[in-house]
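Colleague:
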Amino acid sequence: MIDLYLSKNSQRNQLLLDFFQKYGIEVSCHSVSEMTKDKLIEMMSYSSGFYLPIYYDLRTVTI
């Protein structure tokens, strides 16, 4: 399962959801406003090659 943090752009969100559904990938949807500093650090610790998708707006997170 993938944690998917959705932006305010509903058209882009739908494209992402359609993509995951097409390939049978289960997602758990969250609002980007639910992103916390601890969650961001946890996600970054998964891989040294971790990068933030262009869909993510860092202005919504206070670090």
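Throughout, this note's numbering is defined as the position within the sequence shown, counted from one, plus 552. Cβ atoms here follow ideal geometry from the backbone N, Cα and C, with glycine treated the same way. Given the structure is predicted, the values throughout are model-derived calculations rather than measurements.
1) Identify the continuous beta strand (DSSP E) that holds Ser583 and give its terminal residues.
2) On the DSSP letters alone, give me the boundaries of the beta strand (DSSP E) that Tyr557 sits inside.
3) Buried or exposed for Thr614, going by 16 or more other Cβ atoms inside 10 Å?
4) How many whole angstroms separate the CB atoms of Ser580 and Leu556, which I take to be in contact at a CB cut-off of 8 Å?
5) I'd like the list of long-range same chain contacts for Asn565, defined as Cβ closer than 7 Å, with 5 residues on each side in sequence excluded.
Modeller: The answer reads as follows:
1) Locating residue 583 in the sequence shown gives position 31, where the first residue counts as 1. Per DSSP, Ser583 belongs to the beta strand (DSSP E) from 579-583.
2) As a working note, residue 557 is residue 5 in the sequence shown. 554-558 is the span of the beta strand (DSSP E), which, as asked, contains Tyr557.
3) On the sequence shown, position 62 is the one that residue 614 refers to. Confidence at Thr614 is low in this model, with a pLDDT of 42, below 50, so the placement of that residue should be treated as unreliable; the coordinate-derived value is given next. Exposed, because fewer than 16 other Cβ atoms sit within 10 Å of the Cβ of Thr614.
4) Locating residue 580 in the sequence shown gives position 28, where the first residue counts as 1. Locating residue 556 in the sequence shown gives position 4, where the first residue counts as 1. Confirmed, about 7 Å.
5) Translated into the one-based positions of the sequence shown, residue 565 becomes position 13. If we look at Asn565 and ignore the five residues flanking it on each side, its Cβ neighbours are Leu558, Ser559.
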